[in-house]
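Q: Have a look at this one before I ask anything.
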Amino acid sequence: MAKPVIHGDTIRVPSNPEFLSDVDVFLEGTLRGFGVDESAVADIAISVSELVNNAMVHGNKSSDEKMVTVRITRFKNTVTITVSDEGSGFDPTVVPDPLAEENLMHEVGRGLFIVRSLMDKVDVEATVTGTRVAITKAV
Amino acid sequence: MKLTDREISDIVVLEPKGKIMGGPDASLLHDKLYELLENEKKRIVIDLAGVEWMNSTGLGILISSYTTLRNNEGQLKLANVTDKIQSLLTITKLVTVFDAYDSVEDAVKSFG
Chain Y
1 MAKPVIHGDT
11 IRVPSNPEFL
21 SDVDVFLEGT
31 LRGFGVDESA
41 VADIAISVSE
51 LVNNAMVHGN
61 KSSDEKMVTV
71 RITRFKNTVT
81 ITVSDEGSGF
91 DPTVVPDPLA
101 EENLMHEVGR
111 GLFIVRSLMD
121 KVDVEATVTG
131 TRVAITKAV
Chain L
140 MKLTDREISD
150 IVVLEPKGKI
160 MGGPDASLLH
170 DKLYELLENE
180 KKRIVIDLAG
190 VEWMNSTGLG
200 ILISSYTTLR
210 NNEGQLKLAN
220 VTDKIQSLLT
230 ITKLVTVFDA
240 YDSVEDAVKS
250 FG
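In the order they appear, the protein sequences are chains Y and L. For the first sequence, the numbering used here begins at 1 and goes up steadily by one. For the second sequence, the numbering used here begins at 140 and goes up steadily by one.
Below you can see the structure in the form of structure tokens.
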């Protein structure tokens with residue numbers, strides 16, 4: 001199986017949940033290096049874990065052969081993280097309302113809702129060569 | 140995530156520590172819960188004091204635990220919910236589902 005690869009501001013991991021913690025260690029270390037406060041580090045880490053989960057499961061269909069790429073950039077007082085998969089493109093915004101009474105006890109389906117709640121900006125770009133989600137937060 | 144447990148007056152207190160983000164975390168808690176049910180332990184407190192943060196997978200694990208216990212005539216209570224997790228429970232409206240207490244002692248007492 002492929003292994004995680006770190007290059008500058010980017011980490012690439014195979015689509016296996018055992019690598020979620022590798023992404024988190026890289027992400028939180030980078031954010032603390034930027035001087036981001038702990039509350040914002042947690043919000044961003046939660047959001048990225050949601051997006052990487054989605055990219056692995058829904059984008060890459062849990063194929064170890066396909067990678068998820070996470071890139072972290074800082075511009076002035078904002079941090080932007082892009083999460084890209086190598087799937088055939090899926091629209092993560094098409095999910096039932098997790099706040100509807102009939103969905104409240106569902107075990108899944110809250111990921112992007114939480115990301116939108118914690119981040120200042122969320123952009124989704126789904127193409128036939130994969131889905132790319134960019135999240136931005138003022139720090 | 141790491142998981143330890145202890146028992147107070149026939150009530151089991153589960154103590155996850157670290158981050159609950161998915162992967163092996165779900166099976167760790169599920170397996171523990173089923174082990175407890177097999178041993179007729181149906182009154183459970185999850186002490187969240189040591190959980191730095193959780194994502195929607197973590198919330199799903201709490202829901203699954205709640206439902207599994209309820210379906211087996213058991214009960215789940217939460218204790219020491221951190222601000223970060225409380226915020227997630229609030230925005231997802233799950234705050235209306237779970238019984239949460241400020242301390243393990245209060246959660247244990249609530250079983251009566």
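A virtual CB, placed ideally from N, CA and C, is assigned to each residue, including glycine. As the structure is a computational prediction, the values presented were derived from the model and not from experiment.
1. Let's see if you can read the secondary structure: which residues bound the beta strand (DSSP E) around Lys156(L)?
2. On the three-state DSSP scale, how would you describe Phe19(Y)?
3. Could you name the residues of the region 110-139 of chain Y whose beta carbon sits closer than 8 Å to any beta carbon of chain L, in the order they occur along the chain?
4. Using a Cβ-Cβ cut-off of 7 Å (strictly less than) and excluding sequence neighbours within five positions of Leu208(L), which residues of its own chain qualify?
5. Scan the region 213-239 of chain L for residues whose Cβ lies nearer than 9 Å to a Cβ of chain Y and list them as they occur along the chain.
6. Take the Cβ of Gly8(Y) as the centre, count every other Cβ of all protein chains shown within 10 Å, and call the residue buried at 16 or more, exposed below.
7. Would a C-beta distance cut-off of 7 Å place Asp85(Y) and Thr131(Y) closer than the cut-off?
8. Let me check you understand the geometry: is the CB of Leu215(L) closer than 6 Å to at least one non-hydrogen atom of the ligand MG?
9. When you compare only the Cα positions, how much space is there between Ile185(L) and Glu174(L)?
10. Going by the DSSP bridge assignment, what does Ser216(L) pair with across the sheet?
11. Which residues in the same chain as Gly161(L) place their Cβ atom closer than 6 Å to its Cβ, once the five residues preceding and following it in sequence are excluded?
12. Distance, Cα to Cα, Arg74(Y) vs Lys66(Y)?
13. Could you check where the beta strand (DSSP E) with Gly130(Y) kicks off and where it finishes?
14. Quick one: what does DSSP say Pro14(Y) is sitting in, helix, strand or coil?
15. Check for me: the beta strand (DSSP E) holding Arg71(Y) runs from which residue to which?
16. So Val48(Y) and Val25(Y) are in contact, right, with Cβ under 8 Å, and what is the actual spacing, rounded?
17. Please tell me whether Ser249(L) has its Cβ less than 7 Å away from any Cβ of chain Y.
18. For Pro14(Y), which residues from the same chain have a beta carbon less than 7 Å from its beta carbon, with the 5 sequence-adjacent residues on both sides left out?
19. For Gly29(Y) and Thr221(L), I'd like the C-alpha separation in whole angstroms.
20. Asp144(L) lies in the beta strand (DSSP E); which residues open and close that run?
21. Please confirm whether Met56(Y) has its beta-carbon closer than 7 Å to some beta-carbon of chain L.
22. Under the DSSP definition of a beta bridge, which residues are partnered with Met193(L)?
23. Run through chain L and tell me which residues come within less than 8 Å of Asn60(Y), C-beta to C-beta.
A: Working from what's here:
1. Judged by DSSP secondary structure, Lys156(L) falls within the beta strand (DSSP E) whose first and last residues are Ile150 to Ile159.
2. Of the three classes helix, strand and coil, the one that applies to Phe19(Y) here is helix, per DSSP.
3. Residues of the region 110-139 of chain Y whose Cβ lies closer than 8 Å to any Cβ of chain L, in chain order: Arg110, Gly111, Phe113, Ile114 and Ser117.
4. Result list for Leu208(L): Lys181, Ile183, Gln214 and Leu215, in chain order.
5. Taking 9 Å as the Cβ-Cβ cut-off against chain Y, the residues of the region 213-239 of chain L that qualify are Asp222, Lys223, Ser226, Leu227, Ile230, Thr231, Lys232, Leu233, Thr235 and Val236.
6. An exposed status is given to Gly8(Y), since fewer than 16 other beta-carbon atoms sit within 10 Å of its beta-carbon.
7. Going by C-beta atoms, Asp85(Y) is nearer than 7 Å to Thr131(Y).
8. Absent from the structure shown: the ligand MG. Ligands present: none.
9. Using only the alpha carbons, I get a separation of about 15 Å.
10. The amino acid occupying residue 216(L) in the given sequence is Lys; Ser does not appear at that position. Beta-bridge analysis with DSSP links Lys216(L) to Val184(L) and Asp238(L).
11. The answer, listed in chain order, is Thr196.
12. Rounded to whole angstroms, Arg74(Y) to Lys66(Y) spans 27 Å at the Cα level.
13. That run of the beta strand (DSSP E) goes Gly130 to Ala138.
14. Pro14(Y): strand per DSSP, three-state reduction.
15. Its beta strand (DSSP E) spans residues Met67 to Phe75.
16. For a cut-off of 8 Å, the C-beta gap from Val48(Y) to Val25(Y) is around 12 Å, too long to register as a contact.
17. The beta carbon of Ser249(L) does not come within 7 Å of any beta carbon belonging to chain Y, so the residue lies off that interface.
18. Close CB contacts of Pro14(Y) within its chain, under the 7 Å cut and outside five residues either way in sequence, are with Met1, Ala2, Asp64 and Met67 (chain order).
19. So the two alpha carbons sit approximately 22 Å from each other.
20. For Asp144(L), the uninterrupted beta strand (DSSP E) run begins and ends at Lys141 to Ile147, by DSSP.
21. For Met56(Y), the answer is no, since every Cβ of chain L falls outside 7 Å of its Cβ.
22. In the DSSP output, where bridge partners are listed per residue, Met193(L) has Ile159(L).
23. Near Asn60(Y) there are no residues of chain L at all, since even the closest Cβ is about 15 Å away, more than 8 Å.
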